[in-house]
Amino acid sequence: MNKPVTKTESELVERINKSFVEADITKRWSEGIEHHPKAKELAREIGSIDWLFGGDSFSFEFGGDGDNGEQLTYLLDILFDLRDAEAK
Numbered sequence: 019m020n021k022p023v024t025k026t027e028s029e030l031v032e033r034i035n036k037s038f039v040e041a042d043i044t045k046r047w048s049e050g051i052e053h054h055p056k057a058k059e060l061a062r063e064i065g066s067i068d069w070l071f072g073g074d075s076f077s078f079e080f081g082g083d084g085d086n087g088e089q090l091t092y093l094l095d096i097l098f099d100l101r102d103a104e105a106k
């Protein structure tokens, strides 16, 4: 993890730590933590919007582990898991 440098980043780390959400992507992958359904859906939609309207500037790939689309999905997993934990 990079050191937080903005207030937003510091607050996000604090929220994640309070909620006990696993934010280590390598650990999520190695432990086989399932993707959050909303994360999978949103990542694919972002990829499609980028392809259709953004000139494919991110060139998201969703073919398997290590693809940038997979990385985006893991990032969204953390966000949706955090939101779910905070909603309880």
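Using my numbering, you'd call the opening residue of the sequence shown number 19 and step up by one each time.
Each residue gets a CB set at the ideal place from its N, CA and C atoms; glycine is no exception.
Please read these numbers as outputs of a predicted model, since none were measured by experiment.
(request) Return the first residue and the last residue of the alpha helix (DSSP H) that residue 96 is part of. (result) 86–105
(request) Report buried or exposed for residue 91, applying the criterion of at least 16 other Cβ atoms within 10 angstroms of its Cβ. (result) buried
(request) Tell me whether residue 102 is buried or exposed, calling it buried when 16 or more other Cβ atoms sit within 10 Å of its Cβ. (result) exposed
(message) Comparing C-alpha positions only, which one of 29, 95, 69 sits nearest to residue 50?
(response) 95
(message) Assuming contact is defined by CB atoms lying nearer than 7 Å, are residue 52 and residue 46 in contact in what I supplied?
(response) no
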